[in-house]
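Down below is the structure, laid out as structure tokens.
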Amino acid sequence: MDRTRGKKIIVWALREWKAIVTSILTAVLVTACGAGTSTETDRDAITGAIESSEFFAVDVTDDRSPDGAVYDASDRPPDEVQAAGAAADLPVAWGRGLFEHLQRDISISITGDTAAVVVTDRIQGSLFVDTTDDGERNPWVKPFEDVLTRHAEFTRLPDGWRLTKISPLDISLADPEQQTVRIQWIRASVDGVTVWESSSSSELFDIPAGLPVFSPLTEVLVEAKVVNSSPADYIPESFVFLHRPGGVLGRVRDRMFDDGSNGDRTASDGIFSRTYTIGQVPGRYFAAVDVIDAATLLDENAPYNSAAWGMPYIVEKPSAGPSTGAGE
Ligand SMILES: [Ca+2]
Ligand SMILES: [Ca+2]
8 MDRTRGKKII VWALREWKAI VTSILTAVLV TACGAGTSTE TDRDAITGAI
58 ESSEFFAVDV TDDRSPDGAV YDASDRPPDE VQAAGAAADL PVAWGRGLFE
108 HLQRDISISI TGDTAAVVVT DRIQGSLFVD TTDDGERNPW VKPFEDVLTR
158 HAEFTRLPDG WRLTKISPLD ISLADPEQQT VRIQWIRASV DGVTVWESSS
208 SSELFDIPAG LPVFSPLTEV LVEAKVVNSS PADYIPESFV FLHRPGGVLG
258 RVRDRMFDDG SNGDRTASDG IFSRTYTIGQ VPGRYFAAVD VIDAATLLDE
308 NAPYNSAAWG MPYIVEKPSA GPSTGAGE
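Right under this line is the structure:
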């Protein structure tokens with residue numbers, strides 16, 4: 008890979024991320040739908056807590072993988088689109104970029120000392136896909152618009168409002184008519200024991216008791232049951248990826264498999280799997296399972312068709328003992 012080009016891509020990706028964060032801070036729209044019991048002060052406090060919580064980040068599917076997946080569009084030769092029906096390979100390189108955070112809506116409904124909250128973010132961006140293995144960086148580009156939804160619950164305590172429950176993150180297409188890929192459930196296991204699972208993206212989990220809590224450097228298996236109702240007959244019909252914290256750029260994209268490898272228990276059962284190692288820095292994080300219809304990555308003319316769920320989790324402080332050094 009061209010190192011100079013690679014550095015430019017990294018700088019560009021970080022700039023994009025900064026832009027997203029800045030736009031979130033400046034484009035918050037609060038929708039109050041309480042029954043008259045909420046005050047402006049309560050809503051401000053809850054909104055402030057949402058903005059400062061890692062559980063409400065919107066960069067969970069940034070593609071800044073070490074293979075330099077995202078690069079700028081340029082002149083390109085005619086595409087050699089892979090035919091449906093044949094075993095499909097991943098494109099030479101692909102990734103999402105040019106994110107724009109369009110809007111954040113925060114719905115807050117306060118009853119007594121409990122606030123039911125729904126945070127909805129609309130983002131748009133571009134999917135870059137290079138399907139030609141010709142040594143040229145010549146991706147085609149496909150626009151997309153997604154809706155990110157999180158449900159949460161805050162509780163009023165003597166010292167203020169505290170986030171006490173959170174749902175998985177749901178990322179769906181802004182136009183549901185285009186969506187054929189769906190996630191039915193996701194699950195996390197350590198040493199063969201299930202530590203967390205969810206079959207509804209609006210399910211609320213207690214913080215921290217209902218969330219997976221991992222020790223640093225734990226190997227975790229993430230599994231997801233996915234379905235795709237597309238009539239196209241690509242093999243596989245979907246590609247599945249795990250976006251998770253790690254690496255020098257902050258997030259890593261790993262392919263998930265349904266072929267009995269990489270921790271997958273049973274081949275070809277629609278359950279995609281991937282193991283990864285939890286980082287060393289205590290905190291609150293998201294790992295996201297990202298399902299992409301095969302045609303989305305293989306056919307320039309097919310509409311963008313993807314869905315994702317994020318799993319919130321906590322990395323706890325290491326137990327007393329020798330320091331393991333700086334974090335990832
Ligand atoms: Ca190419
Ligand atoms: Ca499987």
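So the sequence shown is numbered by this note's numbering: it starts at 8 and just counts up by one.
All residues carry an ideal CB built from backbone N, CA and C; glycine is no exception.
Using the beta-carbon count (16 or more within 10 Å), is residue i buried or exposed?
i	result
Ile-299	buried
Glu-244	buried
Lys-149	buried
Thr-118	exposed
Thr-139	buried
Ser-196	buried
Lys-324	exposed
Pro-183	exposed
Ala-302	buried
Leu-164	exposed
Ile-162	Sequence check: residue 162 is Thr here, not Ile. Exposed is the call here.
Tell me the DSSP secondary structure of residue i in three-state form.
i	result
Pro-319	strand
Arg-163	strand
Glu-204	strand
Asp-49	helix
Ser-72	Unreliable placement is indicated for Ser-72, whose pLDDT of 39 sits below 50; the coordinate value is still reported in the next sentence. In the structure shown, Ser-72 sits in coil (DSSP, three-state: anything other than H, G, I, E or B).
Gly-217	coil
Ala-64	coil
Thr-225	coil
Glu-107	strand
Glu-143	coil
From residue i to residue j, what does the alpha carbon distance come to, in whole angstroms?
i	j	result
Ala-216	Tyr-292	15 angstroms
Phe-264	Glu-47	48 angstroms
Gly-332	Glu-226	Residue confidence for Gly-332 is low, a pLDDT of 43 falling below 50, so the modelled location carries little weight; the figure read from the coordinates is stated next. Approximately 18 angstroms, taken between the alpha carbons.
Gly-267	Val-296	18 angstroms
Ala-314	Ser-116	27 angstroms
Val-200	Ser-207	20 angstroms
Ala-159	Val-322	20 angstroms
Phe-63	Gly-286	19 angstroms
Pro-84	Tyr-311	Low per-residue confidence applies at Pro-84: pLDDT is 38, beneath 50, and the placement is therefore not dependable, though the value from the model is reported in the following sentence. The alpha-carbon atoms of Pro-84 and Tyr-311 are separated by roughly 22 angstroms.
Ala-80	Ala-122	Confidence is the limiting factor: at Ala-80 the pLDDT is only 40, short of 50, which leaves the residue's position unreliable and the question unanswerable from this model.
To which residues does DSSP link residue i through a beta bridge?
i	result
Asn-235	Val-188
Leu-180	Asp-153
Phe-135	Gly-102 and Val-148
Asp-120	Its beta-bridge partners do not exist; DSSP assigns none.
Thr-127	Asp-112 and Thr-156
Complete alpha helix (DSSP H) runs within the stretch 239-310 (minimum length 4 residues, chain order) = 301-305
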